[in-house]
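Using my numbering, the letters of the sequence shown correspond one by one to residues 428 to 938.
Ideal Cβ placement from N, Cα and C applies to all residues, glycine included.
Since the model is a prediction, treat every value here as computed from it, not as a measurement.
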Amino acid sequence: MVYKVYSGRVGGIFADLITAEVDASSGLPGLDMIGLLGSEVREAKDRVRVSLRNNGINIPAMKITVNLSPADERKAGAAFDLPIAVALLGVFGHIESFNPEETLIIGELSLDGEIRPVRGILPIVRMAREKGFKYVLLPRQNLTEGLLIHGIKMVPVESLSSVMGILSSYENIENYVVAECKTPLDASSNEDEADFNDVVGQEGAKRAALICAAGFHHFLMTGPPGTGKSLIAKRISSIMPRLSYEESLEVTTIYSVAGKLPGGNSFISKRPFISPHHGTSSNALVGGGINVMPGLISLSHKGILFLDELAEFKRQTLDYLRQPLEDGEITVSRAKGSVKYPADFMLVAAMNPCPCGYFPDRNKCSCTQASISRYLSKVSGPIMDRIDVCVEIGRMDPSEIENRSSESLGSDEMRCMVERAVGVQKKRYEKENFRFNSQIPASKIGEYIKLSKECNDFAMSLYTKMQLSMRSYYKILRVARTIADIDGDEDVQVRHVAEASCYRFPDYLGG
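Here's what the structure looks like:
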């Protein structure tokens, strides 16, 4: 007799249905497991056998075969322990009233029968709902995460003995269902975040940060140390538009797969802010490992990836950003598989113009031209070409510090301006699969950024004089579109293009 129980595996941010099939027959006693299994899954037979024995269930001396199908998909992790145990209980008649066709099961077992949490609950529960399952039996510690998916019932369990009790009286399973909870979207308050009121002066950089937040443009700040580059970068998240429910669910799914959901409320409703050290490895940044986990650029999806001391990163590490900066996703390929993860982040970077940090001020900078060139060459041209806005931040005058402007905007006012511009974009692109001006495809530039003859002539003159690539030219137009939205103008005008062109790179960066 073959007994089947259903579970799921995660591939990227999506899940596949996995069937745990158990056959018990006469023959040489033993328990064999097949189905392209990872080492953690192969170890499951020992965890399951000991866990069952410690809960009063002894496996008969028979030839037992466990198959996890489909056989051509690799299974990894300990999440198949519980479905395998339930299938063994079913094949030996311990849960005769259980209907496996309407319940998906997932969970890791300890040797004493405790059920431990697993990664990737969110995509698995979503897949179960799409496949028509009525219940998901899952570890209690994963319950909050599972409840984020509406339309399917959660049955949380803490031990193998409780699972046996629930499935033995399956007709009463509704008594163990936990009611759906309302997703707390109001948890996205910015009250605990740093405020732009803390930044003295640097109005030009604050204006650039406002534009980048409103249009989701990639942003680079360059200048000597101590001028406020990191201070500004860490406050950009306080003016970013709030995540929509769909975006929050997507971000939460990535953190679920990575096993990095915060304790308590599992729903991520704030845009991520990830700031890796410049010694971070390429694998940590893009993702990888035996089971191909998402990296830091995927964990910053829909949020900010802040690279401080940009030129101190290894050039090879930075070049891995080319694909996600352009496509909003990253394909991670390893020997055991290839996985595609979302990586639609806003890059915010800060760097010094030379090793000592004071170039081009030759009164302070003692670096040779060769050392400056070597330092700046760590950031390749293709990476620079993918950055929309660059500002050079200099040392402030004493008068600027003493006479702090009362008109300087704080985060609350800047966020209002950003949300107004984002609302304009949302309405404009309501029929498209993108949301921000920075994401307008090249094929639709003419449709959404209409230029008058005067404005077009001015833009083309910039293209010629500045020797722009087509990518850089389109980036200027996209930034100009965002500036127009902030200013409340329906059409892009000459002044918008002129301001956007000022946010190109200084001469020493190849501007």
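query: Three-state secondary structure assigned by DSSP to valine 545; result: coil
query: Separation of serine 595 from leucine 464, as counted between CA atoms; result: 29 Å
query: Beta-carbon gap between leucine 712 and leucine 723 smaller than 9 Å; result: yes
query: CB-CB length for methionine 841 against phenylalanine 623, believed under 8 Å; result: 6 Å
query: Exposure of proline 751, with buried meaning 16 or more beta-carbon neighbours within 10 Å; result: buried
query: Cβ separation of proline 769 and isoleucine 440, assumed to be a contact under 8 Å, to the nearest whole Å; result: 7 Å
query: Rounded distance between the beta-carbons of isoleucine 533 and serine 434, thought under 8 Å; result: 5 Å
query: Option in Tyr890, Ser879, Leu536 with minimal Cα separation from arginine 567; result: Leu536
query: Cβ pair count under 8 Å reaching 3, the stretch 809-817 against the stretch 629-649; result: yes
query: Span of the beta strand (DSSP E) around leucine 444; result: 441-452
query: Separation of alanine 471 from methionine 428, as counted between CA atoms; result: 22 Å
query: Euclidean distance between Cα positions of lysine 902 and alanine 869; result: 10 Å
query: Coil, strand or helix - glycine 592 by DSSP; result: helix
query: Residue(s) in a DSSP beta bridge with proline 583; result: Leu565
query: Beta-carbon proximity check, phenylalanine 519 vs valine 468, cutoff 9 Å; result: no
query: Presumed contact (8 Å Cβ cut-off) between isoleucine 576 and valine 437, rounded CB distance; result: Their Cβ separation, rounded to whole angstroms, is 14 Å, which puts isoleucine 576 and valine 437 out of contact at 8 Å.
query: Stretch-stretch touch, CB-based, cutoff 8 Å, three pairs: the stretch 898-912 with the stretch 842-856; result: yes
query: C-alpha distance - serine 615 paired with glutamate 500, whole-angstrom precision; result: Confidence at serine 615 is low in this model, with a pLDDT of 44, below 50, so its placement is unreliable and the value that follows should be read with caution. C-alpha separation (whole angstroms): 38 Å.
query: Length of the line joining the Cα atoms of arginine 761 and glycine 715; result: 7 Å
query: Environment of alanine 498 [buried if 16+ CB atoms lie within 10 Å]; result: exposed
query: Length-filtered (4 minimum) alpha helix (DSSP H) runs lying within the stretch 720-803; result: 723-726, 742-746, 749-754, 796-803
query: Cβ-based neighbour list, cysteine 794, same chain, cut-off 7 Å, excluding 5 preceding and 5 following; result: Cys781, Pro782, Cys783, Phe786
query: Exposure of histidine 704, with buried meaning 16 or more beta-carbon neighbours within 10 Å; result: exposed
query: Integer Cβ distance of methionine 667 from arginine 698, believed to fall under 8 Å; result: 5 Å
query: Rounded separation between leucine 878 and glycine 755 - CA only; result: 27 Å
query: Extent of the continuous beta strand (DSSP E) run through arginine 436; result: 429-438
query: Pick from Val493, Leu516, Ser496 that is closest to arginine 480, judged by C-alpha positions; result: Leu516
query: For asparagine 494, three-class secondary structure by DSSP; result: strand
query: CA-to-CA distance, leucine 549 to alanine 442, given in whole angstroms; result: 9 Å
query: Rounded straight-line distance, which links the Cα of lysine 871 to that of threonine 446; result: 45 Å
query: Residue ranges of each alpha helix (DSSP H) within the stretch 601-680, 4 or longer; result: 630-642, 656-660
query: Chain-order list of residues whose beta-carbon lies under 7 Å from that of serine 657 (same chain, five-residue window excluded); result: Asp735, Ala777
query: Burial state of cysteine 929, where buried means 16 or more other Cβ atoms lie within 10 Å; result: exposed
query: Simplified DSSP state of glycine 457, which is helix, strand or coil; result: strand
query: Own chain, CB closer than 7 Å to serine 727, minus 5 neighbours either side, in chain order; result: Pro699, Ile701, Phe772
query: Local Cβ density within 10 Å of leucine 538, reported as buried at 16 or more and exposed below that; result: exposed
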